[in-house]
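Quick note, the sequence shown lines up with residues 18 to 81 if you use this note's numbering. Ideal placement from N, C-alpha and C gives every residue a C-beta, glycine not left out. Input: a single structure, listed below in C-alpha coordinates.
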Amino acid sequence: MSFLKELAGHPEYRKLLKAAEDMKPQLPYWQIDANNGKDNTDEWKRKSAMLEGYELCLQIFSPR
(Lines of atoms letter the chains of each structure in order from A and count residues from 1; the text may use other names and numbers.)
(Lines give C-alpha, C1' and ligand atoms only; values in the text may rest on other atoms or scores of the structure.)
Protein backbone atom coordinates (compact mmCIF):
# COMPACT_ATOMS: atom_id res chain seq x y z
CA MET A 1 0.00 0.00 0.00
CA SER A 2 2.97 2.35 0.29
CA PHE A 3 2.98 2.46 -3.51
CA LEU A 4 -0.56 3.86 -3.47
CA LYS A 5 0.38 6.48 -0.89
CA GLU A 6 3.32 7.51 -3.04
CA LEU A 7 1.13 7.55 -6.14
CA ALA A 8 -1.51 9.64 -4.33
CA GLY A 9 1.12 12.32 -3.84
CA HIS A 10 1.48 12.83 -7.58
CA PRO A 11 -0.29 15.98 -8.85
CA GLU A 12 -2.09 14.08 -11.64
CA TYR A 13 -3.54 11.51 -9.22
CA ARG A 14 -6.32 13.83 -7.98
CA LYS A 15 -7.27 14.52 -11.60
CA LEU A 16 -7.43 10.79 -12.23
CA LEU A 17 -9.72 10.22 -9.24
CA LYS A 18 -11.94 13.12 -10.31
CA ALA A 19 -12.23 11.64 -13.82
CA ALA A 20 -13.14 8.26 -12.29
CA GLU A 21 -15.76 9.88 -10.05
CA ASP A 22 -17.32 11.54 -13.10
CA MET A 23 -17.72 8.05 -14.62
CA LYS A 24 -19.62 6.70 -11.61
CA PRO A 25 -22.44 4.35 -12.71
CA GLN A 26 -25.91 5.76 -12.14
CA LEU A 27 -28.79 3.54 -11.08
CA PRO A 28 -31.80 3.93 -13.33
CA TYR A 29 -35.28 4.45 -11.94
CA TRP A 30 -37.30 1.26 -11.78
CA GLN A 31 -39.92 1.31 -14.48
CA ILE A 32 -42.24 -0.90 -16.48
CA ASP A 33 -42.41 -0.67 -20.26
CA ALA A 34 -45.99 0.25 -21.16
CA ASN A 35 -45.78 -1.66 -24.47
CA ASN A 36 -44.66 -5.08 -23.30
CA GLY A 37 -45.10 -4.97 -19.52
CA LYS A 38 -41.43 -5.84 -18.82
CA ASP A 39 -39.52 -4.00 -16.14
CA ASN A 40 -35.87 -2.95 -16.07
CA THR A 41 -34.91 -5.15 -13.11
CA ASP A 42 -32.04 -6.83 -14.96
CA GLU A 43 -30.54 -3.49 -15.94
CA TRP A 44 -30.95 -2.25 -12.38
CA LYS A 45 -29.19 -5.35 -10.99
CA ARG A 46 -26.31 -4.98 -13.47
CA LYS A 47 -25.81 -1.27 -12.75
CA SER A 48 -26.06 -1.93 -9.00
CA ALA A 49 -23.26 -4.50 -9.24
CA MET A 50 -21.20 -2.06 -11.31
CA LEU A 51 -21.70 0.61 -8.65
CA GLU A 52 -20.58 -1.71 -5.85
CA GLY A 53 -17.42 -2.64 -7.77
CA TYR A 54 -16.77 1.00 -8.56
CA GLU A 55 -17.07 2.02 -4.90
CA LEU A 56 -14.78 -0.82 -3.82
CA CYS A 57 -12.20 0.27 -6.40
CA LEU A 58 -12.29 3.86 -5.16
CA GLN A 59 -11.80 2.65 -1.59
CA ILE A 60 -8.72 0.72 -2.65
CA PHE A 61 -7.27 3.63 -4.64
CA SER A 62 -7.88 6.22 -1.91
CA PRO A 63 -5.13 5.45 0.60
CA ARG A 64 -5.45 6.89 4.08
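Helix, strand or coil at D50 [DSSP, three-state]: Position 33 of the sequence shown, counting from 1, holds the residue named residue 50. DSSP places D50 in coil when its eight states are reduced to three.
Excluding sequence positions up to five away, which residues of its chain have a Cβ less than 7 Å from the Cβ of L24? Position 7 of the sequence shown, counted from the start, is the residue given in the question as residue 24. Excluding residues within five positions, the ones whose Cβ falls inside 7 Å are Y30.
Is the separation between the beta-carbon of L68 and that of P45 shorter than 7 Å? Against the sequence shown, residue 68 aligns to sequence position 51. Against the sequence shown, residue 45 aligns to sequence position 28. No, these two residues do not count as a Cβ contact at 7 Å.
Can you tell me where the alpha helix (DSSP H) with L34 in it begins and where it stops? Along the sequence shown, one-based indexing puts residue 34 at 17. Here the alpha helix (DSSP H) through L34 covers P28 to D39.
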